[in-house]
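Structure record follows, encoded as structure tokens.
2 protein chains.
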Amino acid sequence: MAYNSVAFAALADPTRRAVFERLADGPRAVGDLAEGLPVSRPAVSQHLKVLKDAGLVTDRAEGARRVYQIDPQGLGAMRAWLDRFWTTALDDFAAEVERQAREQKPDDGKDSHK
Amino acid sequence: MAYNSVAFAALADPTRRAVFERLADGPRAVGDLAEGLPVSRPAVSQHLKVLKDAGLVTDRAEGARRVYQIDPQGLGAMRAWLDRFWTTALDDFAAEVERQAREQKPDDGKDSHK
DNA sequence: ACTTACGGTAAGTCATGGCTTACAACTCTG
DNA sequence: CAGAGTTGTAAGCCATGACTTACCGTAAGT
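Protein chains in written order, with the working numbering: chain A, 1 to 114; chain B, 1001 to 1114.
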């Protein structure tokens, strides 16, 4: 419930989004994620902690390595939050278009014959 | 296209999300939005600029006042971005559950030898 | 034209957080 | 057991950004 509040902050950082996008190809270990990214491995480790706290990824031990993968939980919370505004946004947008149309031709009575 | 990159950063801030949520009730003016929030009016104005640049709100002049409302554009971009990971996340999650189940009872027929 | 209301912008302060290097803990291999 | 490989954490530096007050432009009312 309180997940989305941290989730948006988690995905706000470009580097963190890059890490998250890499996880879209499937589960990966930390060092594997780090190489190719323009930041150090500890930085990636810190980013993964933030993503984990946001409920966006999960981690499991695999020998000496630690494998991370995308967690549907945080993702679902964000989708739900956005959907709360989706219909409202569309309604407001439609109303705005209508408003502008009335502004364009104020002579309109009731029936526009063409 | 490049909208979602700024959109997540825009919704990362709690105050900005509060402003955005207030807009869910319908279009409002700046001063109207400001009162009730724990920050000054210029702060709200700055937040609205960020939300506007992110394609999350639109503004129109209404006399001396400026009315803001939610814009479907940025919202749609975010939904699209999240949906790219949604199916992947569910697949990975299902695979993880399956993996843990195999770990619990290694006598299963699939790969019982090690 | 003067005054009031509304809102965007500039300048400056201060906390947040992203990055680095250094170090500690843990696992596997020889 | 020793050494290499893999990862999390601590400490410190520094850029970003959220907030404030002060100011300016614009629009309506008298």
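In this text, a Cβ means the ideal position worked out from N, Cα and C, and glycines have one as well.
Legend entry - Distance CB(B/V1067)-CB(B/D1059) smaller than 8 angstroms: On the second sequence, residue 1067 of chain B is found 67 positions in, with the first residue counted as 1. On the second sequence, residue 1059 of chain B is found 59 positions in, with the first residue counted as 1. Yes, the pair counts as a contact, with Cβ atoms nearer than the cut-off.
Inset, instruction - Measure the alpha-carbon distance for B/K1105 versus A/A10 and round it to whole angstroms. - result: Residue numbering aside, residue 1105 of chain B sits at position 105 when the second sequence is read from its first letter. Residue numbering aside, residue 10 of chain A sits at position 10 when the first sequence is read from its first letter. Any reading at B/K1105 must be qualified, since the residue scores a pLDDT of 47, below 50, and its modelled position is unreliable; no value is offered.
Legend entry - Beta-carbon contacts of B/D1111 that lie in its chain and below 6 angstroms, excluding the five residues immediately before and after: As a first step, residue 1111 of chain B must be located in the second sequence, where it is residue number 111. Low confidence applies to B/D1111: its pLDDT is 39, below 50, so where it sits in the model is not reliable enough to give any reading.
Inset, instruction - May I ask which residues mark the beginning and end of the alpha helix (DSSP H) holding B/D1032? - result: Mapped onto the second sequence, residue 1032 of chain B falls at position 32. Taken as a continuous stretch (DSSP letters only), the alpha helix (DSSP H) holding B/D1032 covers V1030 to A1034.
Inset, instruction - Check A/D71 in the structure and name its three-state DSSP category. - result: Along the first sequence, one-based indexing puts residue 71 of chain A at 71. In this structure, A/D71 counts as coil in the three-state DSSP scheme.
Inset, instruction - Assuming B/N1004 and B/A1077 form a contact by the criterion Cβ under 8 angstroms, report the distance between their Cβ atoms to the nearest whole angstrom. - result: Residue numbering aside, residue 1004 of chain B sits at position 4 when the second sequence is read from its first letter. Residue numbering aside, residue 1077 of chain B sits at position 77 when the second sequence is read from its first letter. With 8 angstroms as the limit, B/N1004 and B/A1077 qualify as a contact, their Cβ atoms being about 4 angstroms apart.
Inset, instruction - Flag A/F8 as yes if its beta-carbon sits less than 8 angstroms from any beta-carbon of chain B, otherwise no. - result: Residue mapping note: residue 8 of chain A aligns to position 8 of the first sequence, counting from 1. True, the Cβ-Cβ gap to chain B drops below 8 angstroms.
Legend entry - First and last residue of the uninterrupted beta strand (DSSP E) at A/A61: What you label residue 61 of chain A is simply residue 61 of the first sequence in a count that begins at 1. Where A/A61 is concerned, the enclosing beta strand (DSSP E) stretches over V57 to E62.
Inset, instruction - Name the one or two DSSP bridge partners that B/R1065 has. - result: Here residue 1065 of chain B refers to the residue found at position 65 when the second sequence is read from its first residue. Paired residues: B/E1062.
Legend entry - chain B contact residues for A/Q69, given Cβ-Cβ distances below 7 angstroms: Mapped onto the first sequence, residue 69 of chain A falls at position 69. Chain B residues near A/Q69: D1092 and E1096.
Inset, instruction - Use the C-beta contact count for A/R17: other C-beta atoms within 10 angstroms, 16 or more gives buried, fewer gives exposed. - result: Translated into the one-based positions of the first sequence, residue 17 of chain A becomes position 17. Its Cβ being crowded by 16 or more others within 10 Å, A/R17 is buried.
Legend entry - B/V1039 to B/R1022 span [Cα, whole Å]: Taking the second sequence and counting its residues from 1, one reaches residue 1039 of chain B at position 39. Taking the second sequence and counting its residues from 1, one reaches residue 1022 of chain B at position 22. Between B/V1039 and B/R1022, the C-alpha separation is close to 14 angstroms.
Inset, instruction - Kindly give me the distance between the Cβ atoms of A/D32 and A/L56, rounded to whole angstroms, as I take these residues to be in contact under 8 angstroms. - result: Within the first sequence, numbered from 1, the residue matching residue 32 of chain A stands at position 32. Within the first sequence, numbered from 1, the residue matching residue 56 of chain A stands at position 56. That belief does not hold up - the Cβ atoms of A/D32 and A/L56 are roughly 18 angstroms apart, past 8 angstroms.
Inset, instruction - Return yes when the Cβ of B/F1020 is within less than 8 angstroms of the Cβ of A/A12, no when it is not. - result: Against the first sequence, residue 12 of chain A aligns to sequence position 12. Against the second sequence, residue 1020 of chain B aligns to sequence position 20. No.
Inset, instruction - For A/L82, decide whether its Cβ has a neighbour in chain B, counting only Cβ atoms nearer than 8 angstroms. - result: If you number the first sequence from 1, residue 82 of chain A lands on position 82. Judged by the 8 angstroms Cβ criterion, A/L82 is in contact with chain B.
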